[in-house]
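Comments concern the structure below.
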Amino acid sequence: MWPGWDKPIQIGYRADMNDKMIPLPVRRLGLAEAGDAMLTRSIAIEAPVSVEVGGIGYAVMMATPADLEDYAVGFALGEGLVETVDQIGRVDAQPIEGGWALRIWLPPERNAIALERARKRVSESSCGLCGIENIEEVLRPLPPVTARIATDRRAIAAALAALRDHQPLARATGAVHAAAFCSPAGAILLAREDVGRHNALDKLIGALARAGTDPASGFILLSARCSYELVEKTVRAGCPMLVTLSAPTSLAAARASAAGLALVALARTDSALVVSDPHGMIA
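Everything in the sequence shown is counted per the numbering used here, starting at 25 for the first residue and increasing by one.
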């Protein structure tokens, strides 16, 4: 028995928005000829984040408690609670017992929308299903993607090659997703990380809005499975192209095609799958 293995793991909570990871003692097993060893491994912080809108509880998300202001803006945009960042009055992020409280304040007309959505909520994740009551609403048409960029396979390769440099938390922990916004030439202009792939994209969209950067001017790169929710968030943000490291689901592919979103999946340094490119943007 290794020292301490007979005791429950205790991970102290840290109320600091700059803390994205904490150290954890682990035992490395030698599965070949190497022997065992005791190490200290960095692990990503995952904490409950209570999202409140206008003083009413809206959702409890499991997230990395960093860049929470970006997350609040992206969450509100993705949920359709606001149409522009200017419609958000203010955002407060405060530590509470066991997690964080993320409070979003909206003007009365937008607050009424949030309260109605909160009343009808049927999902507990920021996945595009919050407050939706039937399948018809899930499959309602997305706004068409009208933006165009001139890009090509070299830009995708350049973004992929640079992504790791924008993933400090992933390099340290191996346990988080990244969402990056790239120029048409493939330069990564902004990136956000989180234990949740939806959260990472919400943070990125929120950061773009707060910086005044138009999502229509480039493309988004995600280190995650391409589910339909990520397609829908990208479309609603007005971004013309989404590139993911993993494969798409059937609904993701169908929704991207119907909305006119260029979708590239299973992106690797030597190949990628063009799932949808209705406007011929990818040379």
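Positions of the beta carbon are idealized from the N, C-alpha and C atoms, including for glycine.
Closest by CA to residue i, which one among the options?
i: ALA308; options: GLN118, LEU193 and GLY78; result: In this structure the chain extends from 25 to 307, so residue 308 is not present and cannot be described.
i: PRO192; options: ALA183, LEU53, ARG216 and PRO72; result: ARG216
i: ASP70; options: SER251, TRP129, LYS44 and GLY98; result: In the sequence as displayed, the identity of residue 70 is Glu instead of Asp. Comparing Cα-Cα distances from GLU70 to each of SER251, TRP129, LYS44 and GLY98, the minimum goes to LYS44.
i: ARG221; options: VAL200, ILE212, LEU214 and LEU232; result: VAL200
i: GLY304; options: GLY284, PHE205 and VAL97; result: GLY284
i: ALA83; options: SER251, ARG127, GLN111 and PRO119; result: ARG127
i: ASP301; options: THR293, SER295 and ALA289; result: ALA289
i: GLY210; options: HIS190, ARG234, ALA90 and PHE243; result: PHE243
i: ARG114; options: GLU121, ILE120 and VAL106; result: VAL106
i: THR273; options: GLU253, LEU48 and GLY262; result: GLU253
i: THR197; options: ARG65, GLY54, ALA58 and ILE212; result: ARG65
i: TYR95; options: ALA286, ALA276, ALA233 and LEU245; result: ALA233
i: ARG178; options: SER207, ALA171 and PRO167; result: SER207
i: ALA171; options: ARG134, ASP110, PRO132 and CYS263; result: CYS263
i: GLY122; options: VAL267, LEU163 and MET85; result: MET85
i: LEU245; options: ALA185, ASP294, ALA277 and LEU275; result: ALA185
i: SER270; options: GLU256, THR258, VAL299 and LYS257; result: VAL299
i: VAL169; options: LEU53, LEU55, PRO47 and LYS257; result: LYS257
i: SER241; options: GLU133, PRO132 and ILE173; result: ILE173
Any idea what DSSP makes of residue i, helix, strand or coil?
i: MET25; result: Only weak support exists for where MET25 lies, its pLDDT of 41 falling under 50; the coordinates are left without a value.
i: THR197; result: helix
i: ALA219; result: Correcting the residue identity first, residue 219 is Val in this sequence and not Ala. It is coil, neither helix nor strand.
i: ILE24; result: This structure leaves residue 24 out entirely; the chain is present only between 25 and 307.
i: PRO239; result: helix
i: GLU93; result: helix
i: CYS154; result: At CYS154, the pLDDT of 48 sits below 50, so the modelled position is not reliable and the matter cannot be decided from this model.
i: THR293; result: coil
i: LEU48; result: strand
i: THR64; result: strand
i: GLN191; result: coil
i: ILE112; result: coil
i: MET131; result: Before going further, note that residue 131 is Pro rather than Met in the sequence given. Coil at PRO131, not helix or strand.
i: ALA100; result: helix
i: VAL259; result: helix
i: ALA182; result: helix
i: ALA8; result: Here the chain has residues from 25 to 307 only, and residue 8 is not among them.
i: GLY81; result: strand
i: ALA224; result: helix
i: SER274; result: helix
i: LEU232; result: helix
i: ALA202; result: strand
i: LEU254; result: helix
i: SER307; result: For clarity, residue 307 is Ala in the given sequence; the question names Ser instead. Here ALA307 sits in coil by DSSP.
i: ALA142; result: helix
Please confirm whether any heavy atom of the ligand ATP lies closer than 8 Å to the CB of residue i.
i: VAL298; result: Within the structure as shown, the ligand ATP is missing, as the structure has no ligands at all.
Since I believe residue j is in contact with residue i (beta carbons under 8 Å), could you give me their beta-carbon distance rounded to a whole number of angstroms?
i: THR88; j: ALA117; result: Going by Cβ atoms, the distance from THR88 to ALA117 rounds to 13 Å, so no, they are not a contact pair.
i: ARG279; j: GLY102; result: With 8 Å as the limit, ARG279 and GLY102 do not qualify as a contact, their Cβ atoms being about 15 Å apart.
i: TRP124; j: SER74; result: 7 Å
i: LEU228; j: PHE205; result: 6 Å
i: ASP80; j: LEU139; result: Before going further, note that residue 80 is Ile rather than Asp in the sequence given. About 6 Å separates the two Cβ atoms, so the contact holds.
i: SER251; j: ALA276; result: 6 Å
Give a yes or no on whether the C-beta atoms belonging to residue i and residue j are separated by under 9 Å.
i: ALA282; j: ILE180; result: no
i: SER247; j: ALA182; result: no
i: THR175; j: LEU213; result: no
i: ALA202; j: ALA235; result: no
i: GLY230; j: GLU76; result: no
i: MET265; j: ALA296; result: no
i: ARG51; j: ALA58; result: no
i: ASP218; j: ALA90; result: yes
Using a C-beta cutoff of 9 Å, does residue i count as contacting chain B?
i: ILE67; result: The chain inventory of the structure shown lacks chain B, comprising one protein chain alone.
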